[in-house]
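Trainee: Here our numbering runs 212 ahead of the position in the sequence shown, where the first position is 1. Beta carbons are placed, not taken as given, at the ideal position from N, Cα and C, and that holds for glycine.
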Amino acid sequence: MEFLVSRTFYARGQTGQQLLLGAYSAMNRQIAKGKIQMFSRHEMVELVKVDGKARGIIARNLITGELERHSAHAVVIASGGYGNVFFLSTNAMGSNTTAAWKIHRNGAFFANPCYTQIHPTCIPRSGEHQSKLTLMSESLRNDGRIWVPKNLEDAEKIRSKTIKPTELKEEDRDYYLERRYPAFGNLVPRDVASRAAKERCDAGYGVNSTGEAVYLDFSAAIERYGKEKALVSGIKQPSVEKIIELGEEVVEQKYGNLFQMYEKIVAENPYKTPMMIYPAVHYTMGGVWVDYNLMTTIPGCYCIGEANFSDHGANRLGASALMQGLADGYFVLPYTIGDFLANDIRTGPISTDLKEFEIAEKNVSDTIDKLMSIKGDKPVDYFHKRLGKVMWEFAGMARNKEGLEHAISEIKTIRKEFWENVRIPGDKDEMNTELEKAGRVADFLELGELFAKDGLERSESRGRTF
Ligand SMILES: Cc1cc2nc3c(=O)[nH]c(=O)nc-3n(C[C@H](O)[C@H](O)[C@H](O)COP(=O)(O)OP(=O)(O)OC[C@H]3O[C@@H](n4cnc5c(N)ncnc54)[C@H](O)[C@@H]3O)c2cc1C
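1) Does the separation of the CB atoms of Thr328 and Gly295 fall below 8 Å?
2) For Asn273, which residues does DSSP report across the bridge?
3) For Glu614, which residues from the same chain have a beta carbon less than 8 Å from its beta carbon, with the 5 sequence-adjacent residues on both sides left out?
4) Hey, which unbroken runs of the beta strand (DSSP E) at 3 residues or more fall wholly within the stretch 347-422?
5) From what residue to what residue does the beta strand (DSSP E) around Ser431 run?
6) Could you check where the beta strand (DSSP E) with Ser283 kicks off and where it finishes?
7) Does DSSP classify Arg652 as helix, strand or coil?
8) By a C-beta neighbour count over all protein chains shown, 10 Å radius and 16 as the cutoff for buried, is Asp641 buried or exposed?
9) By Cβ distance below 6 Å, which residues in the same chain neighbour Arg670 in space, the five residues on each side in sequence not counted?
10) Alpha carbon to alpha carbon, what distance is there between Lys369 and Ile375?
11) So Val297 and Thr309 are in contact, right, with Cβ under 8 Å, and what is the actual spacing, rounded?
12) Would you be able to state if there are at least three C-beta pairs under 8 Å between the stretch 467-484 and the stretch 257-274?
13) With DSSP collapsed to three states, give me the class of Ile447.
14) Report the option in Glu382, Val452, Leu300 whose CA atom is closest to the CA atom of Ser338.
15) Report buried or exposed for Ile315, applying the criterion of at least 16 other Cβ atoms within 10 angstroms of its Cβ.
16) Identify which residue in His331, Phe630, Pro332, Gly517 has its Cα closest to the Cα of Asp540.
17) Ligand 1 and Tyr474: does any heavy atom of the ligand fall closer than 7 Å to the residue's C-beta?
18) Measuring CA to CA, which of Gly228, Val260, Gln230 is closest to Pro511?
19) State buried or exposed for Ile289, treating a residue as buried only when at least 16 other CB atoms are found within 10 Å of its CB.
20) Sorted by chain position, which residues of the same chain lie with C-beta nearer than 7 Å to Gln455's C-beta, five sequence neighbours on each side aside?
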């Protein structure tokens, strides 16, 4: 008897989205009840410590540019991961390291910065002018078979569009994961799948114009599902066309939304021609160090979700990130933060007139003025892209001592040039997305160096990387 095992539980390729909707709804309910005050379009840009304890933050109103002081008995950072240090990643464009980096600069330890998860199933980049990568859900590997041409000449013919992938005979295809890992096949862990794809592409077998793509082929699944459905529906001796039609219906039911998204982006029909995928930076296991109560090394400063380093070790499992976020927020923090507040709440409200707030605000204001005054001739993205390329080439999936040392020195150079030559148009007292980006990239340029140094410290293999 054959058992088909799904690697993760999922909701039609929308698992994350469904979990997010649940979390959003729960938060909105609390906002409506008046238990949470919402400040949208605000960015935390500095932590304020009073007597060594976290007592508030400085935030910038992203619409007016105004700096605001917010005081509290404790501060919780939930600002997500820093995958965008690579410039290209599957993360939202607004994801950044600033909040985590600011508390680190204020004394919170940072753990395992170099632990980055590279996701194997993303839509490959199409060229140089791309700022975002799109994830194809992990669930696709339950049914897709991964392959590249067996021969270099065929790979070249596919890249130059001399032949179509569907024209390549079965014996001329290399299902390299099934060949190398027969027990797991296409369901090998993410790091193994990602490394193997890069290795094949680096060896010249990549299949898109950049040479950075492998195929994820659903034709076998379509055929299998088609035959099963014909059997269940009592259709005797179905034609090949009927089997494909029925199989596509099943695949559409499972992954229709993803296939549609792929077709919109790549302009190819993945039911008829194999999907192209390539690894992309997706998740950062490293982050701010926290104890079992989720408190950082700064008393009263907590860090939850992807921004902290906990739970996942060197490689997270599929679907565990959102569960960590929900567990931290629903089940852990509400109980552990009381332990700290019990002793501190008696101080009464904390005034934002304290000199610590004044100093923190002045520091932020000075940094903004400095950025605005540079008036160089390169946009923020120019430096971010350069940083991303260094990170990907020398601190990404494959690393070695020379490469990491090179990365450290390159990042220092880019950082120096950034502070001498960045150009931020507009004004600081208005909505200014270039200024926002500049602050974030300034922090990425510091984090990137720590990242590479951390990689250099580790000669062991940590699953997700060499
Ligand atoms: C495309 C994609 C698909 C994914 N699919 C899955 C999945 O199926 N299952 C799974 O388990 N995980 C999945 N993940 C991972 C998971 O979504 C993240 O790990 C998780 O959302 C992290 O939650 P978080 O609340 O810690 O941070 P985030 O969801 O990143 O939220 C952080 C928030 O903080 C805001 N912020 C950042 N800096 C500041 C600042 N300085 N001031 C104010 N606000 C700030 C950000 O704008 C953002 O709104 C996916 C991730 C991506 C990118």
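Mentor: In brief:
1) Result yes, Cβ atoms of Thr328 and Gly295 sit closer than 8 Å.
2) Per DSSP, His254.
3) Here Glu614 has no same chain residue with a Cβ atom under 8 Å from its own Cβ, once five neighbours each way along the sequence are excluded.
4) Listed in chain order, the complete beta strand (DSSP E) runs (minimum 3 residues) inside the stretch 347-422 are 357-361.
5) For Ser431, no beta strand (DSSP E) segment is defined; the enclosing uninterrupted segment is the alpha helix (DSSP H) at 431-444.
6) In the DSSP assignment, Ser283 falls within the unbroken beta strand (DSSP E) covering 279-283.
7) Look at Arg652 here: in three-state DSSP terms it is helix.
8) When all chains shown are included, Asp641 counts as exposed.
9) There are no such residues.
10) Each residue's alpha carbon lies about 6 Å from the other.
11) Contact between Val297 and Thr309 holds: CB atoms are separated by about 7 Å, below the 8 Å threshold.
12) Short answer: they don't touch.
13) Correct three-state label for Ile447: coil.
14) Here the closest residue by C-alpha is Leu300.
15) With 16 or more neighbouring CB atoms inside 10 Å of its own CB, Ile315 falls in the buried class.
16) The candidate whose alpha carbon is nearest that of Asp540 is Gly517.
17) Distance from the C-beta of Tyr474 to the nearest heavy atom of ligand 1 is not below 7 Å.
18) The candidate whose alpha carbon is nearest that of Pro511 is Val260.
19) Residue environment analysis places Ile289 among the buried positions, since at least 16 neighbouring C-beta atoms fall within 10 angstroms of its C-beta.
20) The amino acid occupying residue 455 in the given sequence is Ile; Gln does not appear at that position. The answer, listed in chain order, is Glu435, Gly438, Lys439, Ala442.
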